Each structure stands twice: as C-alpha cells, then as structure tokens.
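Taking our numbering, I'd label the letters of the sequence shown as residues 1 to 331. Here's the structure we're looking at; comments come further down.
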Amino acid sequence: MLRDLRISVTDRCNFRCVYCMPKELFGRDYRFLERDELLSFPEIVRLATVSVGIGVRKLRITGGEPLLRRGLEELIAELASLRAPSGEPIDLALTTNGAALPVKAEALRAAGLQRVTVSLDSLDDERFQAINDVRFPVSRVLDGIAAAEEAGLAPVKINAVLKRGVNDDEILALAEHFRGTGHVLRFIEYMDVGTSNGWVLDDVVPSAEVVRRIDAVHPLEPLGPSAPGETARRWRYRDGAGEIGVISSVTEAFCGSCTRARVSAEGRLFTCLFASDGLDLRALLRDGADDAALAAALTGTWRDRDDRYSEQRSELTPSAGRRIEMSYIGG
Ligand code: SAM
Ligand code: SF4
1 MLRDLRISVT DRCNFRCVYC MPKELFGRDY RFLERDELLS FPEIVRLATV SVGIGVRKLR
61 ITGGEPLLRR GLEELIAELA SLRAPSGEPI DLALTTNGAA LPVKAEALRA AGLQRVTVSL
121 DSLDDERFQA INDVRFPVSR VLDGIAAAEE AGLAPVKINA VLKRGVNDDE ILALAEHFRG
181 TGHVLRFIEY MDVGTSNGWV LDDVVPSAEV VRRIDAVHPL EPLGPSAPGE TARRWRYRDG
241 AGEIGVISSV TEAFCGSCTR ARVSAEGRLF TCLFASDGLD LRALLRDGAD DAALAAALTG
301 TWRDRDDRYS EQRSELTPSA GRRIEMSYIG G
C-alpha cells in the first residue's frame, strides 16, 4: 500500500555534494526548472490531499534543497492541517542539508512542521567542505541542528551517507557525537542513484559492518520498527544513550515491503528511486483532472508498479536504462 509520499519542491541546491550534484554536471550551464515548470503550492496541496484520501500517512518534503523554495512555510502550514479520514494527523517532515535552519527553523515549527531530517556525512570540517564542494562549514550545519532542536523540531534525524575510503573512518565519531543527545543518527548505504556519481559496489559500507563497529565500543541491541514499511533498522544503545538506524538499501534491499512513492519537483510520480520514467501528474492537474481521476491515476500507477531495482541490482548491467538523479527525484 502507498503510505509514504516524498514530494520534491525544487531541483535546485546551494550545495554541490560530489555524489549527488557534481559541479561538472550541475554547473553554470545546467538548466534547472523554471518557476512555472515546478508544481505550485496549490497543486502540491491538492496532490497531497488526494494522496491522503487513498491512504498516504507520511509526507516528506525534499529536493534539491527544499529550504530554497520561497515561502515554503506557507506550504508547510497547509500540509500540516491535513488529516486522515479517521481524523488522525499526517506525519509531516522535511529533509534538508540544514544550511538554512538557523534562520528558518522557528518559522517552520510555527507553520506546523513536526520534524526535520538533516543530512550530515562528516564532522571533519575540511572533509565536509570537500563533500559539499561549496566550502560550507560543518559548524553551520551543527548550528542548524541546534536551531531545529530549540524550535521544537526534535528529535532531529541525522542522515549520514557512508562511502568507503571517504568517511567510513568516522562511523564511531559520528555515533559518539549524537549519542545521548536524543537525536537519531542513521547511516545510509551509498546508492547507485542517477548516472553522475560513478558508483561502484566497493564504495558501499554494509550496514552490518556499521553496527558491528559501533557495537564493539558501545553495545547495541535491536529495536522493532516504529512504523510499517520503515526503511531504517533501529538499534538501541544498551546503556540507554539513545538509538541509531541503518538503511541497507544495497545490501538488504527492501523493495518487497516498500510503501513509498516520490513526486519530482515538476510533478512526475515515481514508484521507485531507481525508475527512469514517471507519471506526469502535473499534466493531469493542469488539464483539469478531478480528484477521482487523480486518485485513480495514483492508485493505478502504484498497483501496476513492478519496480524492485534494488533486489535485481546484481542481475543488471551498469548501463541498464537511464536513471534519474537524486537531486531531481528527491532523496
Ligand atoms: N538537500 C536535502 C538534503 O541533502 O538532505 C534533501 C535532498 S537530498 C537528495 C536527500 C538525501 O539523499 C540526502 O541525505 C543525501 O545524502 C542523500 N543522497 C544523495 N545521493 C545519494 C546516494 N547516491 N546514495 C545515498 N544517498 C544519497
Ligand atoms: Fe544538495 Fe542534498 Fe544533493 Fe547535497 S545531497 S547536493 S545538499 S540535494
């Protein structure tokens, strides 16, 4: 069942993370979407409302960098007021690089946002600046996490993508930095999304290794999933200092239990992060489709999907199909 919808609100970003939007490809000449090509806020709200009507209970706002979208608080306020038919609130969160949180956290909370996920791959300033490739200091992302906490957007989830030879030596340092803070650090296996990041399997640091390395110093025990279809496996420190998560999209693909779809900034619906083609919801919206037609398009596309890319990864050749980029589809 489709329970979780990730909505990208922009394809632009103020970072150029080397594995996501490498400068060579996302340079001056890159054609980002024009304003009228993006879904408007009323279009996003309509889609979200129809999705909730067919069972979606989690909405995630992403990008590109979502905090670059002007007036995002207005969209958040509308989405935060959505309710399931039973009256239960919808779980609404936002994934950000954290750069703008010091200025935006309060307004986002006031608009009704409940939680944020901040991406942070390294605590070492030089390394962090090399990853974001725009010389953005790590201290300002840490300030962003603190601002989110102060604004009440807690616990903050921190997502760290691990790449062998780049930041796998920081597994313990990252764990120790967030141990005991109430925030939840999650380690994500580096994925072969898009075609621009030159992914090879050797780059992946298996989650089992992450857990083993932390457990050797700070003993861990498994926790059950907090929600059906949850992609992170949760582990708790035995000494009560909180929990971590690992997302094993490569070594333990979870296609079979996937409950998630994504809407790109221009309104294409993708039923898999590794899809190459998406249903043009913007055309439906702008051609005057009514709610029933939209709901039928969403449920039909979800029902007919046959994506299980991650489970098939090993059978596929590297050139199998053109895949879309993470910055376009939203992480
Ligand atoms: N700009 C926001 C951010 O960085 O959180 C939201 C969009 S970003 C595309 C969402 C997430 O995707 C980030 O946590 C990022 O680290 C992750 N990501 C990007 N490329 C990835 C890859 N190849 N494998 C795994 N995660 C990736
Ligand atoms: Fe931007 Fe997020 Fe991609 Fe980094 S991971 S380039 S912050 S969209």
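We treat Cβ as the ideally placed atom computed from N, Cα and C, and that holds for glycine. Since this is a predicted model, take the numbers as computed values, not measurements.
Take the alpha-carbon of S86 and the one of D169: they are about 47 Å apart. Residue environment for P66: buried (at least 16 other C-beta atoms within 10 angstroms of its C-beta).
The beta strand (DSSP E) runs lying completely inside the stretch 196 to 245 and spanning 3 residues or more are 220 to 223 and 233 to 237, given in chain order. The stretch 163 to 177 and the stretch 210 to 219 touch, with three or more beta-carbon pairs separated by less than 8 Å. For R164, no alpha helix (DSSP H) segment is defined, and its DSSP state is neither H nor E. Here G98 is buried. Its C-beta has 16 or more other C-beta atoms within 10 Å. Contact between L92 and L113 holds: CB atoms are separated by about 6 Å, below the 8 Å threshold. Setting aside the 5 residues that flank it on each side, R234 is surrounded in the same chain by L223, E243 and G245, each with a C-beta closer than 6 Å to its C-beta; the list follows chain order. Per the DSSP secondary-structure output, T95 pairs in a beta bridge with T117. If you look at T181, you'll find it isn't in any beta strand (DSSP E); DSSP assigns it neither H nor E. For D125, the uninterrupted alpha helix (DSSP H) run begins and ends at D125 to N132, by DSSP.
Beta-bridge pairing by DSSP links P89 to R83.
The straight-line gap separating the alpha-carbon atoms of R238 and A283 is approximately 52 Å. Pairing V50 with A295 gives a Cβ-Cβ distance under 7 Å. The secondary-structure analysis by DSSP pairs R303 with nothing; it has no beta-bridge partner. With a beta-carbon spacing of about 6 Å, A80 and A111 fall inside the 8 Å limit used to define contacts. Nearest Cα to R35 within the set L285, A265, A100 and D133: A265. Less than 7 Å separates the beta-carbon of V116 from that of V156.
Looking from the CA of R3, the closest CA among R286, L279 and T271 belongs to T271. Distance between V161 and D121, taken at the CA atoms: about 6 Å. Taking C-beta atoms under 8 Å as the contact rule, I54 and T299 qualify, at a distance of about 6 Å. D277 sits in coil when the DSSP states are folded into three classes, being neither helix nor strand.
Between D11 and G71, the C-beta spacing is not below 7 Å. D4 sits in a strand when the DSSP states are folded into three classes. Excluding sequence positions up to five before and after R236, its CB lies within less than 7 Å of the CB of L220, E221, L223 and E243, all in the same chain and listed in chain order. Rounded to whole angstroms, the Cβ separation of K23 and R16 is 5 Å, and the two are in contact under 8 Å. The beta carbon of E88 sits closer than 8 Å to those of R57, all from its chain and outside the five residues before and after it, given in chain order.
Not one heavy atom of the ligand SF4 falls within 6 Å of the beta-carbon of E24. Contact check for N167 against S119 fails: the beta carbons are separated by 7 Å or more.
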